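To start, the structure under review is shown below, and the notes come after it.
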Amino acid sequence: MGRRKKSDSGGGANWMDTYGDMITLVLCFFVLLYSMSDINAQKFEVLVKTFNPDAATESTQVVIGSGEQQGDYPVQGEAPTQETVDDFEEFYYTLSQYIESNNLQEDIEVSKGDGFTFITFRNNIFFDGDSYVLKQQGKETLDVLVGALNGVVDEIKEISVLGHTSQARPDVPNEPVSDRFLSSNRATEVLLYLQQKNFIDPTKLVASGYGQFRPISKFDTAEDRAKNRRVEILITQTDGVERSLEEYYAESEVIKTDVILQEHEAAQEQ
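Using the working numbering, count along the sequence shown one by one with no gaps and you end on 360.
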């Protein structure tokens, strides 16, 4: 009697189950990739651990977010608002470099002493005549200042904004109410712009208006009077020695004189 041939057990469709599972896994994989199209470090670490639990947690070969963002690099003539320093001394040199590169030496003066940086802005940088509306050029200049200060806020004790006017006529004092209000309002406008940047504790910001009573030049000529119309920003360090405003002026003048002498000597040697 011949052997009976075994018949198939009817499981011909089992391969479809395996195929369906594989397609499902592939779909999940592509969904995962799509969800990570905007990749960040945490997502990448999760993905690595999913496929290789023994992989190192640090993925130093992956460049994340390497695309250049608009505005990362300053355009010629624009304020490099993202320039940040991490040292109080470096801040002075960064600001000096900005002044020189933008040919603002006639409009902005900066000096530093023991524990402070002193900046003088001529009125035309911040305001029009008899106005305390902050100009666009003033805002851009303050943006540079804020950008440079962002990294040293912990070292700053106080930022004082000082507003000054000039006597309009050599022999006639200004009308006291308008004189005081104008200088105070200008200082306050600069302070408010700085405060709205939220880069420093507002308790460290102070504004003062001196009117015509802290001149740095005479009232005789238009050029002299223009020097007196100014806004000053005094930035002191946390461990700096307290001084009167006159002492800051005196030390700043000595520093500027020394710089002029050094430049003169260097020019003669060349």
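Even glycine gets a Cβ: it sits at the ideal position worked out from N, Cα and C. The model shown is predicted, which means the values in this text are computed figures rather than measured ones.
Starting from residue i and walking both ways along the alpha helix (DSSP H), at which residues does that stretch end?
i, result
"Lys-229", "226-239"
"Arg-320", "Not the alpha helix (DSSP H): Arg-320 falls in the beta strand (DSSP E), residues 320-327."
"Ala-282", "First, the amino acid is wrong: residue 282 is Leu here, not Ala. It spans 266-285 - the alpha helix (DSSP H) in which Leu-282 sits, taken as one unbroken run."
"Gln-187", "178-191"
Which term fits residue i, buried or exposed, when burial requires 16 or more other beta carbons within 10 angstroms of its beta carbon?
i, result
"Lys-202", "buried"
"Ala-64", "The first residue shown for the chain is 91 and the last is 360, placing residue 64 beyond what the model contains."
"Ile-113", "exposed"
"Gln-160", "A caution first: Gln-160 carries a pLDDT of 35, below 50, which makes its placement in the model unreliable, though a value can still be read off. Exposed, since its Cβ has fewer than 16 Cβ neighbours within 10 Å."
"Asp-220", "exposed"
"Tyr-163", "Residue placement at Tyr-163 cannot be trusted, given a pLDDT of 32 that sits under 50; what the coordinates show is reported in the next sentence. So Tyr-163 ends up on the exposed side."
"Glu-322", "buried"
"Gln-302", "buried"
"Tyr-109", "exposed"
"Gln-257", "buried"
"Phe-120", "exposed"
"Asp-244", "exposed"
"Glu-336", "exposed"
"Ala-340", "exposed"
"Thr-207", "buried"
"Glu-179", "exposed"
"Glu-62", "Since the first residue shown for the chain is 91 and the last is 360, residue 62 is missing from the structure and cannot be characterised."
"Asn-104", "exposed"
"Asn-192", "buried"
"Thr-293", "exposed"
"Asn-288", "exposed"
"Val-152", "Confidence at Val-152 is low in this model, with a pLDDT of 33, below 50, so its placement is unreliable and the value that follows should be read with caution. Exposed, because fewer than 16 other Cβ atoms sit within 10 Å of the Cβ of Val-152."
"Asp-218", "exposed"
"Asp-107", "exposed"
"Asp-111", "exposed"
"Ser-273", "buried"
"Ser-342", "buried"
"Val-116", "exposed"
"Leu-282", "exposed"
Measure how close the beta-carbons of residue i and residue j come, nearest whole angstrom, since I'm counting them as under 8 Å.
i, j, result
"Val-236", "Ala-277", "No, Val-236 and Ala-277 are not in contact; Cβ-Cβ is about 17 Å, not under 8 Å."
"Thr-328", "Lys-247", "5 Å"
"Phe-309", "Pro-266", "Between Pro-266 and Phe-309 the Cβ distance is about 16 Å, and since that is not below 8 Å, they are no contact."
"Gly-299", "Gly-228", "Not quite, the Cβ-Cβ distance comes to about 17 Å (not below 8 Å), so this is no contact."
"Val-200", "Ile-215", "About 13 Å separates the two Cβ atoms, so there is no contact after all."
"Ser-307", "Asn-318", "6 Å"
"Asp-197", "Phe-211", "7 Å"
"Leu-295", "Ile-249", "5 Å"
Have a look at the DSSP bridge pairing and note the partners of residue i.
i, result
"Leu-295", "Ile-249"
"Ile-209", "Val-200 and Ile-323"
"Val-116", "In DSSP, Val-116 forms no bridge with anything."
"Arg-304", "According to DSSP, Arg-304 bridges with nothing at all."
"Val-243", "Its beta-bridge partners do not exist; DSSP assigns none."
"Arg-259", "Val-262"
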